[in-house]
Amino acid sequence: MTEPTSDTLLEVSGLTKHFPVRGGVLQRTKARVRAVDGLDFTVRRGETLGLVGESGSGKSTTGRLVLRLIEPTAGRVVFDGVDVLKLGRGAMRDMRSRMQMIFQDPYSSLDPQATVADSIGEPLSVHEGLRGAKRDGRVVELLERVGLKPQHLHRYPYEFSGGQRQRICIARALALKPDLLVCDEPVSALDVSIQAQVINLLKSIQRDTGISLLFISHDLSVVRHVSDRIAVMYLGRIVEIGDSEQIYTQPRHPYTETLLSAIPVPNPVTQRRRERILLRGEPPSPLDPPSGCRFHTRCQYAMDVCAVEEPVLAPAGRGSSACHLHDYGPGLGGGTVLDLEPTHRPVPA
Ligand SMILES: Nc1ncnc2c1ncn2[C@@H]1O[C@H](COP(=O)(O)OP(=O)(O)OP(=O)(O)O)[C@@H](O)[C@H]1O
Ligand code: SF4
Ligand SMILES: [Mg+2]
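This is how it looks when you write it as structure tokens:
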């Protein structure tokens, strides 16, 4: 791993979280859920990294690890040059004001008994000691920034729609002017028309403040609209990471190709409708991931080597992909670009 440069805000290496599964009278560890299993990625200043993958692939766990809301089993998280996992309680509290998170469900993220002034103002009281009119003044500025009004100050969460509540959560997250905002499925619970408004709000805040976003979603079409780069996760691993447009138009990993084929729009290159690739079987359990390439039990291109040898992330196009096709694909050589036309696909072994 290279040392962080001034351009790098967050650098994650070897990040791993295995949750113990306990059982029996003595509550001994019987097994481990390998939720996140050795992630390497960076987020630059002012950039949005999209984190995409199906349910259970480890996206939320990754977000929580980055903010140290849970402790990793192994790995490093370096934020603005500081090794976050080595910080004591007090220093971590200060650091946390620079990294904030918003969640899928704005309903459960807000205390139903607290007014907007109290919800958004709490971090200002705790970290900056602001009270009364001074605090309310700052809260009003934040409300206006997220498209709400000063008269909303003394209202309660039940008086707002889902989209407005997510705006309140965004305002609270921005109160301490963080450098990184981890957005965990921030629009998944909202109506489609409202989703675009909230995404546009996040983008305009990013333009104004230069904040970095780690944007988590199971939906590649949502991630594409916000992200500069995208990391694709499968069973606790990143299988492909790279430039957002390239991932969308020229995926290098068969799993990314599968996610793309589920989006009901034409192939942007050929303008022909993408053929839907149906995944074989259920996602394997993270308790016992498949040997070799974790995707081999469902991959239409799987070769003998795939069940035995784990592919590593290697440069492919303007990013990296972990797939043996780049080395062993029939006649395809290094840096294979998957062809979205099915007739050109390599024959599975
Ligand atoms: N506290 C926990 N204890 C045990 N297992 C956990 C815990 N939290 C998450 N897991 C497991 O870790 C795996 C990854 O979960 P995670 O919530 O990170 O996935 P996700 O990609 O965010 O999924 P979704 O799209 O459904 O939100 C899952 O198998 C999940 O059941
Ligand atoms: S390594 Fe093999 S199984 Fe895994 S994605 Fe590539 S072709 Fe498919
Ligand atoms: Mg999740």
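Per my numbering, residue -19 is the first one in the sequence shown, and the count goes up by one each step.
Note that beta-carbon positions come from the ideal geometry of N, C-alpha and C, so glycine has one too.
Out of curiosity, what's the CA-to-CA distance linking residue i and residue j?
| i | j | result |
| --- | --- | --- |
| Leu133 | Glu124 | 11 Å |
| Tyr138 | Ala97 | 14 Å |
| Ile50 | Leu(-5) | 12 Å |
| Gln131 | Ala71 | 36 Å |
| Leu239 | Leu110 | 47 Å |
| Gln226 | Gly26 | 20 Å |
| Asp(-13) | Leu193 | 14 Å |
| Pro61 | Glu121 | The amino acid at residue 61 is misidentified as Pro; the sequence shows Gly. Cα-Cα distance, rounded: 31 Å. |
| Lys(-3) | Tyr136 | 37 Å |
| Arg204 | Gly4 | 45 Å |
| Lys183 | Gln93 | 30 Å |
| Leu181 | Glu289 | 44 Å |
| Asp20 | Cys286 | 21 Å |
| Leu330 | Val13 | The structure shown does not extend to residue 330, since the chain is modelled only from -19 to 329, so the question has no answer here. |
| Arg209 | Ser224 | 4 Å |
| Ile179 | Leu258 | 29 Å |
| Thr9 | Arg2 | 4 Å |
Checking 8 Å against the spacing of the C-beta atoms, do residue i and residue j come in under that value?
| i | j | result |
| --- | --- | --- |
| Leu29 | Ala211 | yes |
| Cys163 | Pro86 | no |
| Leu31 | Phe195 | yes |
| Ser141 | Ser168 | no |
| Gly117 | Arg147 | no |
| Arg78 | Leu47 | no |
| Val23 | Leu160 | yes |
| Leu215 | Ala11 | no |
| Ile410 | Pro158 | Nothing about residue 410 can be reported from this structure: the residues present for the chain run from -19 to 329 only. |
| Ala15 | Gly38 | yes |
| Gly36 | Arg217 | no |
| Met283 | His306 | no |
Which residue's Cα is closest to the Cα of residue i: the options?
| i | options | result |
| --- | --- | --- |
| Tyr228 | Gly68, Tyr214, Val206, Val5 | Val206 |
| Ile174 | Lys157, Val202, Ala151 | Val202 |
| Met81 | Leu90, Ala153, Ala54 | Ala153 |
| Gly143 | Ser89, Gly112, Val106 | Ser89 |
| Ala302 | Val219, Glu289, Val23 | Val219 |
| Cys101 | Ser224, Arg115, Gly18 | Before going further, note that residue 101 is Gly rather than Cys in the sequence given. It is Arg115 whose Cα lies nearest to the Cα of Gly101. |
| Arg145 | His107, Gly222, Lys129 | Lys129 |
| Pro263 | Glu165, Thr277, Ser241, Ala242 | Thr277 |
| Thr189 | Arg209, Arg2, Ala155 | Ala155 |
| Val57 | Glu108, Gly18, Ser(-7), Pro0 | Ser(-7) |
| Ser40 | Phe59, Ser300, Pro0, Gln84 | Gln84 |
| Pro0 | Pro52, Glu(-9), Gly43, Gly261 | Pro52 |
For residue i and chain D, any beta-carbon pair shorter than 8 Å?
| i | result |
| --- | --- |
| Asp63 | Of the chains in the structure shown, none is chain D; there is only one protein chain. |
Runs of alpha helix (DSSP H) lying entirely within the stretch 88 to 147, each at least 4 residues, in chain order: Complete alpha helix (DSSP H) runs here, min 4: 96 to 108, 112 to 125.
Uninterrupted alpha helix (DSSP H) stretches inside the stretch 140 to 195 (no shorter than 4 residues): 142 to 154, 172 to 189
Chain-ordered list of residues that sit, by beta carbon, closer than 7 Å to a heavy atom of ligand 3: Lys39, Ser40, Asp164, Glu165, Ile196
Residues surrounding ligand 2 [beta-carbon distance to nearest heavy atom under 5 Å]: Pro234, Cys273, Phe275, His276, Cys279, Tyr281, Ala282, Cys286, Pro291, Cys303, His304, Leu305
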